[in-house]
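**Student:**
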Amino acid sequence: MPRIGVFVCWCGSNIGGVIDCPKLATDAVNLPGVVYSTEYKYMCSEPGQNSIIQAIRDHRLDRVVVASCSPRLHEETFRKTLARAGLNPYLLEMANIREHCTWVHNKEPEKAQAKSLALVSRAVAKANLLEPLFPSSIPMTKRCLVIGGGIAGIQTALDVADAGHEVILVEREPTIGGNMVKLDKTFPTLDCSACISTPKMVAVSTHPNITLYTYSEVAGVDGYIGNFEVTIRCKVSYVDHTKCTGCGDCQAKCPTKVSNEFNLGLDTRKAIYIPFPQAVPNKPVIDAANCRYFTTGKCKICQKICAAGAIDYEQQETIITEKVGAIVVATGYQLFDWAAAYGEYGYGRFPDVVTGMHFERLVNAAGPTGGKILRPSDQTEPKTVVFVKCVGSRDPAKGKEYCSRACCMYTAKHAHQVLEKVPGAKVYIFYIDVRTPGKAYEEFYQRTISDGAVYVRGRVSKIYQLGDKLVVRGSDTLLGRPVEVEADMVVLASAMVSSGGIEDVARMVSVQVDKDGWLQEAHPKLRPVETHTGGVFLAGTCQGPKDIPDTVAQASAAASKVSGLLFREELATDPMISTVNQAICTGCGLCVPVCPYQAVELKTITERIPGHAPRERTVASVNSGLCQGCGACNVACRPGAIQVKGFSNDELVAEVDAICL
Amino acid sequence: MRYAYYPGCSLHATAREYDQSTREVCGALGIELVEIPDWGCCGATSAHSTSHLLSVALPARNLALAGSMGLDITVPCAACYQRLRYAQIELEQNEAVREKVARVTGTAYDSKVDVKSLLEVVVGLAPETLKSKIVRPLDALKAVCYYGCLLVRPPRVTGFDDPEDPQIMDNLLRTCGAGVLDWGYKTECCGASMGISNEEVTLKLVRDILRVAEKAGADCLVTACPLCQNNLDSRQTHVNRAFGASFEIPVLYFTQLIGLALGIEPGRLGFNSHFVPTDKILKLIT
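Order-wise, the sequence lines are chains A and B. Per this note's numbering, the first sequence runs over residues 31 to 691. Per this note's numbering, the second sequence runs over residues 690 to 975.
Below, the structure written as structure tokens:
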């Protein structure tokens with residue numbers, strides 16, 4: 031007969047303020063198998079944990095039930111307590127009487143008391159059947175894949191590489207740098223974005239521990255934590271980068287001009303192009319869709335002009351496979367397609383209604399206007415500029431429900447730049463709230479107000495062209511009346527949304543996409559860079575809208591998690607995973623397609639029964655590196671051959687009986 | 690092609706020229722209009738601002754009359770159209786209202802009748818039908834189309850065009866050869882029935898519309914709503930007096946312009962019954 035100890039936690043007033051914890055402890059003693067029961071104000075604190083250890087020794091306990099908060103919060107804590115007392119840590123069962131009881135029933139203490147006892151009975155019933163579990167180990171490949179070469183991917187790659195591990199950085203564009211390298215100055219210190227990001231780009235390309243694949247995409251991910259096998263598809267650039275010297279002659283002589291995506295269509299580039307002068311690698315690619323040779327069969331000017339003989343029209347796509355132990359997703363964001371949603375702002379048909387990113391290019395010394403703020407329609411300097419915040423953000427009707435977090439600050443920065451660069455300029459900013467939670471952010475906002483920016487609290491209901499002016503109509507909710515501003519240019523702070531193709535990446539690395547399209551972290555507060563898939567981490571805006579300081583902080587956090595992982599020689603696996611009783615497995619294979627982690631496969635075993643000839647049979651087999659213990663196979667298994675350790679059918683039935691019978 | 694024709698009160702009174710031109714154009718295009726016998730008021734603003742039941746029951750009676758003719762309804766007036774469509778949707782989706790309305794009108798709703806604005810019906814013709822009959826293209830004309838607040842709104846009720854930047858009338862007039870200008874006031878309010886109770890408000894709204902149309906370079910405004918037309922046309926002299934302006938922009942129904950393009954004689958299209966003289970438009974199209 032097991033000897034179970036029950037430990038009831040008050041959690042201060044969270045539990046103790048609603049139910050009578052001493053009474054719960056007294057009632058628990060009568061449950062089958064319980065030999066000791068007590069309560070304490072904070073069971074997770076050091077004295078609380080020590081009291082558990084002492085009780086295990088004094089009362090020769092071999093199973094422990096802690097009635098407290100959610101196991102998501104403190105199961106690990108109490109498992110370690112058991113280990114310190116010399117017990118197998120998996121002989122612990124928790125009863126969640128906080129989230130599942132006192133927090134939600136705080137107005138009905140009597141019913142909460144009864145429910146708490148029911149929850150404790152359930153835990154005790156299961157504890158009676160608990161078996162010791164032992165983690166196994168898997169080897170660790172000491173390399174890391176980083177998907178995405180924006181500032182998040184760059185920072186993660188550099189930090190992991192500096193820690194001494196090999197990094198594979200994959201970027202789908204011809205250059206790394208992402209969105210940040212397009213920006214002009216960055217709030218609140220106004221340092222130039224290129225000056226702080228391009229040195230990091232160079233550091234990536236020269237770091238001995240980093241292998242850089244630009245113009246490449248991750249095409250597939252197999253394996254599991256410590257042992258991923260990644261397929262990378264290198265797109266065809268038609269330029270042999272081992273021969274190319276980056277002289278730029280081809281780009282100068284190419285006869286085809288197309289809209290330049292780096293400058294958001296504000297100017298043109300050639301069909302063979304280096305995206306911008308500080309690109310890394312600083313070597314061109316051919317845009318075959320627009321190249322005269324590829325579209326008409328005639329031209330080849332770039333090949334004739336190239337002294338290095340680097341142009342290769344016959345180049346083929348290459349597929350590379352790399353083995354890594356950890357993966358960091360840093361796929362970033364793009365801007366919400368406001369033109370498709372906001373008819374009242376003209377559906378994008380007014381050239382002088384632009385996004386904040388267009389403004390960054392217009393005000394950037396390396397941009398299409400050489401840093402002069404000129405409006406796109408007629409290249410004149412706008413004297414009155416209206417900024418509209420929350421376009422697509424905080425607008426569930428047309429866009430996204432969430433706040434994009436960076437817009438209040440970059441709009442303040444834009445306003446400051448207009449007032450600084452355009453003498454006598456007038457700036458109006460329509461806003462819902464001004465949110466400035468960051469170091470020196472509020473001060474920057476106040477400075478913009480004292481520069482002369484006029485903040486109008488209200489939404490813009492309409493923008494229309496009137497002659498060469500744009501009329502912006504909105505409400506001033508502080509004055510309580512509608513207002514109209516005749517502007518020369520309107521800048522929309524459009525929402526951040528996750529970058530295109532995120533669903534494919536999410537599927538490959540088995541990470542959930544949340545309701546807003548961002549990648550789901552394992553816990554919003556306590557595990558912000560981890561995911562529910564072992565060995566896969568998140569950095570930057572792929573997890574949610576962020577500004578640069580937060581992105582870099584998160585990237586370094588992901589890098590430190592990865593480094594910690596890669597420093598291990600081998601990895602202990604969670605023992606609470608599926609196991610197959612091959613003796614009763616019929617090999618039906620129903621468990622294979624239901625597994626979301628591709629952890630179950632069929633294999634052939636040779637069965638030896640005394641008195642019979644050996645015979646071959648197909649049975650299910652669980653890969654302990656991949657299995658996350660979700661239990662989907664357990665449900666699908668008709669003969670009951672697959673069980674999840676720590677959640678066996680007997681244990682689950684005992685729990686149900688304890689509550690329902 | 691036959692339709693039950695619901696003219697509404699305006700087309701028998703202030704908007705006679707809309708009625709005339711509608712009948713002429715439909716005749717020329719092979720759309721047969723059968724006026725609903727004993728049709729009644731659509732309820733207009735008065736009904737829906739006082740009684741929800743009345744605002745559904747009045748159009749419901751007209752829907753029932755059309756139902757007994759076995760024809761779909763076409764409505765030239767934007768407000769009537771919107772009220773009939775709204776009632777149709779309400780009767781389909783709200784069982785309680787459907788039962789009440791059946792009780793007060795004495796006729797159960799049957800969902801066979803569809804309600805279409807006249808614009809939809811004309812646009813719904815095979816593209817060649819209109820094009821092949823144009824004898825006087827409107828090449829020299831620069832027009833802005835004014836949809837007003839009701840014709841394409843709310844989109845859940847009307848739903849046949851974009852509520853922010855409608856195009857249906859623009860494209861129709863382009864087919865007739867007119868130079869249709871883009872402008873920012875397609876769906877602004879003209880003041881509607883406020884013209885009667887608070888003219889000051891309406892005058893300002895009308896002034897704004899005329900100002901933006903003039904700035905866009907329009908020879909005329911084109912509408913599909915009798916109340917819009919009335920406000921914009923009949924109040925121009927008031928606006929000029931009140932604001933010291935000198936607007937003289939003819940305000941036409943789209944049917945009048947299509948009629949011109951089809952070669953119908955202007956007198957039969959009601960060009961002589963406008964407050965702002967229409968001669969300069971007629972001079973452009975000859």
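Glycine included, C-beta positions come from ideal geometry on N, C-alpha and C. Everything numeric in this text was worked out from a predicted model, so none of it was measured.
I'd like to confirm the pairing. Which residues does DSSP put opposite Cys222 of chain A in its beta bridges?
**Tutor:** As computed with DSSP, Cys222 of chain A is found in a beta bridge with A:Lys215.
**Student:** Taking C-beta pairs closer than 8 Å, name the residues in chain B that Val384 of chain A reaches, listed in chain order.
**Tutor:** Within 8 Å Cβ-Cβ: nothing; Val384 of chain A doesn't reach chain B, min ~18 Å.
**Student:** When you measure from the CB of Ile459 of chain A to every non-hydrogen atom of the ligand NAD, does any distance come out below 7 Å?
**Tutor:** Only the bare structure without any ligand can be found here, which leaves the ligand NAD out of the picture.
**Student:** Are there 16 or more other CB atoms within 10 angstroms of the CB of Lys820 of chain B, so buried, or fewer, so exposed?
**Tutor:** exposed
**Student:** What are the complete alpha helix (DSSP H) segments, minimum 4 residues, inside the segment 850-934 of chain B?
**Tutor:** Counting whole runs of 4 or more residues, the segment 850-934 of chain B contains the alpha helix (DSSP H) stretches 857-864, 883-886, 888-905, 915-923 and 925-932.
**Student:** For Leu946 of chain B and Phe960 of chain B, which I take to be in contact (beta-carbon distance under 8 Å), what is that distance rounded to the nearest angstrom?
**Tutor:** Not quite, the Cβ-Cβ distance comes to about 10 Å (not below 8 Å), so this is no contact.
**Student:** Can you name the start and end residues of the beta strand (DSSP E) that Gln495 of chain A belongs to?
**Tutor:** Val490 to Leu496
**Student:** Give a yes or no on whether the C-beta atoms belonging to Ala569 of chain A and Val358 of chain A are separated by under 8 Å.
**Tutor:** Ala569 of chain A is a Cβ neighbour of Val358 of chain A, given a cutoff of 8 Å.
**Student:** Relative to the C-alpha of Thr171 of chain A, which candidate in A:Cys618, A:Gly253, A:Pro579 and A:Tyr268 has its C-alpha closest?
**Tutor:** For the set A:Cys618, A:Gly253, A:Pro579 and A:Tyr268, the Cα lying nearest the Cα of Thr171 of chain A is the one of A:Gly253.
**Student:** Is the number of C-beta pairs between the segment 867-883 of chain B and the segment 832-840 of chain B that are closer than 8 Å three or more?
**Tutor:** yes
**Student:** Closer than 8 Å by C-beta to Ile898 of chain B: which residues in its own chain qualify, once you throw out the five before and the five after it? Chain order, please.
**Tutor:** Tyr835, Tyr874, Glu877, Cys879, Leu910 and Leu921
**Student:** Could you check what DSSP says for Lys499 of chain A in three-state terms: helix, strand or coil?
**Tutor:** strand
**Student:** Start and end of the alpha helix (DSSP H) containing Lys137 of chain A?
**Tutor:** Going by DSSP, Lys137 of chain A is part of no alpha helix (DSSP H) at all; its letter is neither H nor E.
**Student:** Need the endpoints of the alpha helix (DSSP H) that Asp252 of chain A sits in, please.
**Tutor:** Per DSSP, Asp252 of chain A belongs to no alpha helix (DSSP H); it is in the beta strand (DSSP E), Ser246 to Tyr254.
**Student:** For Leu404 of chain A and Phe306 of chain A, I'd like the C-alpha separation in whole angstroms.
**Tutor:** 20 Å
**Student:** Restricting to runs no shorter than 3 residues, where is the beta strand (DSSP E) found entirely within the segment 731-799 of chain B?
**Tutor:** 762-764
**Student:** From the DSSP output, which residues share a beta bridge with His271 of chain A?
**Tutor:** Answer is none; His271 of chain A lacks a bridge partner.
**Student:** Closest by CA to Ala736 of chain B, which one among B:Arg705, B:Ala717, B:Ala776 and B:Pro765?
**Tutor:** B:Ala776
**Student:** Step through the CB atoms of chain C and report whether any lies within less than 8 Å of the CB of Val901 of chain B.
**Tutor:** No chain C appears in the structure shown, which is made up of the protein chains A and B.
**Student:** Against Leu496 of chain A, what residues of chain B qualify as contacts under a CB-to-CB distance less than 7 Å, listed in chain order?
**Tutor:** Taking a Cβ-Cβ cut-off of 7 Å, the neighbours of Leu496 of chain A in chain B comprise Gly873, Val901 and Lys904, given in sequence order.
**Student:** Looking only at its own chain, which residues have a Cβ that is under 6 Å from the Cβ of Leu175 of chain A, when we skip the five neighbours before and after it?
**Tutor:** Ile198, Val260, Val354 and Ile357
**Student:** By the criterion of Cβ-Cβ separation under 9 Å, what are the contact partners of Glu853 of chain B in chain A?
**Tutor:** What Glu853 of chain B touches in chain A: Tyr372, Gly373, Glu374, Tyr375, Gly376, Tyr377 and Lys492.
**Student:** Counting pairs of beta carbons, one from the segment 811-819 of chain B and one from the segment 888-907 of chain B, are three or more of them closer than 8 Å?
**Tutor:** Taking 8 Å as the limit for Cβ pairs, the verdict is that the segment 888-907 of chain B does not touch the segment 811-819 of chain B.
**Student:** Tell me the DSSP bridge mates of Phe37 of chain A?
**Tutor:** A:Thr68 and A:Val96
**Student:** Would you say Thr501 of chain A faces chain B, with C-beta separation under 8 Å as the test?
**Tutor:** Note that residue 501 of chain A corresponds to Val in the displayed sequence, not to Thr. With 8 Å as the cut-off, Val501 of chain A counts as an interface residue toward chain B.
**Student:** With three or more beta-carbon pairs closer than 8 Å as the criterion, would you say the segment 692-703 of chain B touches the segment 720-740 of chain B?
**Tutor:** yes
**Student:** Checking 8 Å against the spacing of the C-beta atoms, do Val421 of chain A and Ala525 of chain A come in under that value?
**Tutor:** yes
**Student:** Jot down the residue ranges of each uninterrupted beta strand (DSSP E) in the segment 149-191 of chain A, minimum 3 residues, whole runs only, in chain order.
**Tutor:** 167-169 and 173-177
**Student:** Could you tell me which uninterrupted beta strand (DSSP E) segments, each at least 3 residues in length, are contained entirely in the segment 607-671 of chain A, listed from first to last along the chain?
**Tutor:** The segment 607-671 of chain A contains these whole beta strand (DSSP E) runs: 608-610, 630-637 and 645-652.
**Student:** Which word fits Ala319 of chain A, buried or exposed, when buried means at least 16 other C-beta atoms lie within 10 angstroms of its C-beta?
**Tutor:** exposed
**Student:** Could you check where the beta strand (DSSP E) with Met210 of chain A kicks off and where it finishes?
**Tutor:** Met210 of chain A -> no beta strand (DSSP E), and no H or E assigned at all.
**Student:** Is Gly373 of chain A closer than 8 Å to Val383 of chain A when the C-beta atoms are compared?
**Tutor:** No, Cβ-Cβ distance for Val383 of chain A and Gly373 of chain A is not below 8 Å.
**Student:** Within a Cβ cutoff of 7 Å, which residues of the same chain sit near Glu903 of chain B, ignoring the five residues on either side of it in sequence?
**Tutor:** Around Glu903 of chain B, the same chain offers Phe936 and Ile938 as residues with beta carbons nearer than 7 Å, after the five sequence neighbours per side are excluded.
**Student:** Short of 6 Å in beta carbon distance, which residues of its chain neighbour Thr478 of chain A, apart from the five on each side in sequence? Order them along the chain.
**Tutor:** Ala442, Ala445 and His446
**Student:** Would you call the segment 211-231 of chain A and the segment 278-287 of chain A in contact, with 3 or more CB pairs under 8 Å?
**Tutor:** no
**Student:** With DSSP run on the structure shown, which of helix, strand or coil describes Glu106 of chain A?
**Tutor:** helix
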